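Comments concern the structure below.
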Amino acid sequence: ERFAAVFRTRTRDEWAEIFRGTDACCVPVLNAHEAATHPHSRARGSFAPTPGAEGLFEPAPAPKLSRTPGHLPRLGPIPGADTRAVLSESGFSENEVAGLLKSGAASEASGKRASKL
1 ERFAAVFRTR
11 TRDEWAEIFR
21 GTDACCVPVL
31 NAHEAATHPH
41 SRARGSFAPT
51 PGAEGLFEPA
61 PAPKLSRTPG
71 HLPRLGPIPG
81 ADTRAVLSES
91 GFSENEVAGL
101 LKSGAASEAS
111 GKRASKL
């Protein structure tokens, strides 16, 4: 409680400035946007832009391996975009696929992208 009371007397940035240049292990806790746009994060390529969401970032793959690099974020699939192809590959005829779609047992793309979470 004593530490909390003392730390409430100044802003995060004021405390960061007080500890700057000392050997104390004290750094500010950044929000998601601050972390993604921090000079260190930018220099290391720690975050990548979120496709289709200007100004938003996602963690980039880590560690960065030369022979097996990770993949950058990409848009999720549109739910139902491949319904006809999947059903066809599963052996359903065009008439059977049409019947499944008409009955509501299967559905096609709504145009909305799936969440990546």
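Everything in the sequence shown is counted per UniProt numbering, starting at 1 for the first residue and increasing by one. Note that CB positions come from ideal geometry on N, CA and C, so glycine has one too. The model shown is predicted, which means the values in this text are computed figures rather than measured ones.
Please confirm whether Glu108 and Arg84 have their CB atoms less than 9 Å apart.
yes
What is the residue span of the beta strand (DSSP E) that Ala48 lies within?
Phe47 to Pro49
Taking all protein chains shown into account, decide if Val97 is buried (16 or more other Cβ within 10 angstroms of its Cβ) or exposed.
Buried, since its Cβ has 16 or more Cβ neighbours within 10 Å.
How would you label Phe3, buried or exposed, when you count the other beta carbons within 10 angstroms and need 16 or more for buried?
exposed
Where Leu65 and Val27 are concerned, what is the direct C-alpha to C-alpha distance, given to the nearest angstrom?
Approximately 28 Å between the Cα atoms of the pair.
Three-state secondary structure (DSSP) of Glu58
strand
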